[in-house]
Amino acid sequence: MKFFIDTANLAQIKEAQDLGILDGVTTNPSLMAKEGITGRDNILKHYVDICNIVDGDVSAEVIATDFDGMVKEGEQLASLHEQIVVKIPVIKDGIKAIKYFTDNGIRTNCTLVFSAGQALLAAKAGATYVSPFIGRLDDISSDGLNLIADIRLIYDNYGYETQILAASVRHAMHIIDCAKLGADVMTGPLSSIVGLLKHPLTDIGLAQFLADYNKGN
Ligand code: E4P
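To convert, count from 1 in the sequence shown and add 2; that's my numbering.
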């Protein structure tokens, strides 16, 4: 399972990269704004800064919502760095744009996916990644993990190569459940990744080992 970090915070991206387990980064306009990155030039520069920290794929989202605008913007984003994957919303023109990019060798991440039907269209258009937002479904008392299971089943039925990128991950258990269901990738905050390390018996055991060592030294 690939681990992406879902942030535009350079310090957190570096921390995850330094752990040695990071496979990529996802961003979105809200995450950029949260870091105070505004204005087209600053945003483009920030994508390059992220690419220079991490070894893997970096999703960069288009703002345009029409086909021509998405193509123009996506081509500009893709030309910034070879690690950039163009992130496109699952709307009608978005599906057309994903097909265009697929045909032109530009990798895409189909975002804001909340149903199996949307994921099916993304795969048919040749998206590299599809991003079902599990946390936001949970937020409205729907079952985010069930969507991951449905998409896995559908993609496996037909051999679609689009990678399931479980997004809107909120905590460590989401990551475990997505791994059980066969998501190809998960993207979450640093807290969810380091949350995987937490276990009280590890803390107790380590404290005991150190105490016993210190008795004889
Ligand atoms: C995915 O690529 C999105 O950036 C993200 O996972 C959304 O997560 P949120 O629901 O926590 O905002």
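Glycine included, every Cβ here is placed at the ideal spot set by N, Cα and C.
- Taking C-beta separations shorter than 7 Å and ignoring five residues to either side along the sequence, the partners of A118 in its chain run L149, D152, I153, I156, following chain order.
- For V60, the uninterrupted beta strand (DSSP E) segment begins and ends at 59 to 63.
- Look at Y162 here: in three-state DSSP terms it is coil, with no helix or strand label.
- In this structure, DSSP gives F116 a state outside helix and strand, which the three-state scheme calls coil.
- According to the DSSP assignment, D8 belongs to the beta strand (DSSP E) that extends over 4 to 8.
- In chain order, V171, M188, G190, S194, L198 place their CB closer than 7 Å to the CB of I177, counting only its own chain and leaving out the 5 sequence neighbours on each side.
- The residue from L12, I23, C180 with its alpha-carbon nearest to that of I45 is L12.
- Between the C-alpha atoms of A213 and G146 there is a straight-line separation of about 44 Å.
- Pairwise C-beta distances place the region 96 to 106 out of contact with the region 10 to 25, as fewer than three of them are shorter than 8 Å.
- A Cβ-Cβ contact shorter than 8 Å links L114 with V92.
- Pairing V27 with F5 gives a Cβ-Cβ distance that is not under 8 Å.
- Judged by the Cβ position, L33 qualifies as a neighbour of the ligand E4P at the 7 Å threshold, a heavy atom of the ligand being closer than this.
- For the set Y215, N216, G76, T110, the Cα lying nearest the Cα of T164 is the one of T110.
- The criterion of a C-beta distance shorter than 8 Å is not satisfied by V56 and L79.
- Y160 is classed as exposed because its beta carbon has fewer than 16 other beta carbons within 10 Å across all chains shown.
- In the assembly as shown, K182 is an exposed residue. Its beta-carbon has fewer than 16 other beta-carbons within 10 Å.
- Judged by DSSP in its simplified three-state form, P31 adopts helix.
- Straight-line spacing of the CA atoms in T130 and L192 works out to 24 Å.
- DSSP lists no beta-bridge partner residue for P191.
- The DSSP-derived three-state label of T204 is helix.
- For I52, the uninterrupted alpha helix (DSSP H) segment begins and ends at 42 to 55.
- Here Y215 is not bridged, per DSSP, to any residue.
- In terms of Cα proximity to N106, the closest of D140, P134, K74 is K74.
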